[in-house]
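See the structure below:
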């Protein structure tokens, strides 16, 4: 199971490798948003409703699980997704609507983006605190052989990443980052003009390439994680230690590296502020529609979950009217379409505390965490 901290380190590192802490595997809401963008007209509700089996399938790839363990993992993932749906999606919806509104008023300054980023981190940390007991219950069932199997899988990823980075010059990595940021931004704004692309190029050129430090930190974190799993301390200690390395997966970073990651983060947030200011009316409207569309989808998902919970708790009798109304029909683009297609999302994008400044490649505008 690709643990929260590895995901956090990856996410934070990729923008942080150029910013502050990205993660190679996206976390819940991040996965959902990216999946919705990639899926185009596939409804956010449909994708979210398929996430339990999808995440279980992804995590199972890191273990050689017994049938009972697979069932426990699936139940855990479903329970946590339901909690996020009810307890956190409304907060994300509120945040997205604020971004949409402020995009039209000039309020999305670098400091405002920093505050938004901090809100997202706070929500993710809240999720970590909620998921840790379930994570420990599952991880405690792993045998030594299963732990080593997981570590082998992570080492294979490390080697793949090392080959990927070592095979590129700094200039090639810079061009790749530029292309990734532009592609990510255009999913929300439509085509960027030459001046806007120049803003991206200038920002990327001024960022530190922290790829090697990020990869080293990733390996060191995995070693600590392996020791914890093999040690299997009593549950209270296990939970406390897992939370500690998950909440702050960059605890072993050198001060020099952290300074570079934080500098990258400032550059990325400044770039985002500059691009929003530069949007023409059509681009700004598209951006606002995207943000509001996702917010509507998240609210519908939350309301549907609350209605389902009330229905299950209520005595037998006619179902409440709200339960009969299809929820979550707004598409990822906010068009109101209810088309249902296959969930074509890949859980590979780690949202980490440094997603805005860590590694060297930036999967999209939100991967600036190092």
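In the numbering used here, the protein residues as written are 64 to 433.
The C-beta atom is built at its ideal place from N, Cα and C for all residues, glycine as well.
- Return the Cβ separation of residue 62 and residue 196 in integer angstroms, given the expectation that the two are a contact with Cβ distance under 8 Å. Residue 62 lies beyond the residue range present for the chain, which begins at 64 and ends at 433; the question has no answer from this structure.
- Message: Going by C-alpha to C-alpha distance, which of 255, 164, 264 and 201 sits closest to residue 341?
- Response: For the purposes of this step, residue 341 is identified with residue 278 of the chain shown, where counting begins at 1. Closest option to residue 341, Cα to Cα, is 255.
- Item | Bounding residues of the alpha helix (DSSP H) (the contiguous stretch that carries residue 19) | Outside the displayed range of the chain (64 to 433) lies residue 19, so it cannot be described from this structure.
- Message: Extract the residue ranges of the alpha helix (DSSP H) inside the stretch 164-209, only unbroken runs of 4 or more that lie entirely within it.
- Response: 173-202
- Message: What would DSSP say about residue 251, mapped onto helix, strand or coil?
- Response: Here residue 251 corresponds to residue number 188 of the chain shown, with the count starting at 1. In this structure, residue 251 counts as helix in the three-state DSSP scheme.
- Item | Three-way DSSP call (helix, strand, coil) for residue 233 in this model | Position 170 of the chain shown, counted from the first residue, corresponds to residue 233. Helix, per DSSP.
- Task: Ignore the nearest five residues each way along the sequence and tell me which others in residue 245's own chain have a CB closer than 8 Å to its CB.
- Result: For this step, residue 245 is matched to residue 182 along the chain shown. Taken in chain order, the residues that qualify are 255, 260 and 263.
- Roughly how many angstroms separate the alpha carbons of residue 275 and residue 374, rounded to a whole number? Taking the first residue of the chain shown as 1, we reach residue 275 at position 212. Taking the first residue of the chain shown as 1, we reach residue 374 at position 311. Distance between the alpha carbons of residue 275 and residue 374 is about 52 Å.
- Local conformation of residue 151 per DSSP, three classes: If you number the chain shown from 1, residue 151 lands on position 88. It is coil, neither helix nor strand.
- Query: Is the beta carbon of residue 288 sitting closer than 7 Å to the one on residue 350?
  - Reply: For this step, residue 288 is matched to residue 225 along the chain shown. For this step, residue 350 is matched to residue 287 along the chain shown. No.
- Message: In the DSSP assignment, the alpha helix (DSSP H) including residue 374 goes from what residue to what residue?
- Response: Translated into the one-based positions of the chain shown, residue 374 becomes position 311. Per DSSP, residue 374 belongs to the alpha helix (DSSP H) from 344-376.
- Message: Please state the DSSP three-state secondary structure of residue 315.
- Response: Within the chain shown, residue 315 is the residue found at index 252, counting from 1. Of the three classes helix, strand and coil, the one that applies to residue 315 here is coil, per DSSP.
- Task: Would you be able to state if there are at least three C-beta pairs under 8 Å between the stretch 324-342 and the stretch 157-174?
- Result: yes
- Backbone CA spacing between residue 446 and residue 179 [nearest angstrom]: Outside the shown range of the chain, which is 64 to 433, sits residue 446, and nothing can be said about it.
- Query: For residue 237, which residues of its own chain have a beta-carbon under 7 Å away from its beta-carbon, when the five flanking residues on both sides are left out?
  - Reply: Taking the chain shown and counting its residues from 1, one reaches residue 237 at position 174. So the list reads 267 and 268, once near-sequence residues are dropped.
- Query: Anyone know if the C-beta pair for residue 354 and residue 138 falls short of 7 Å?
  - Reply: Mapped onto the chain shown, residue 354 falls at position 291. Mapped onto the chain shown, residue 138 falls at position 75. Cβ distance not < 7 Å, so residue 354 and residue 138 don't count as in contact.
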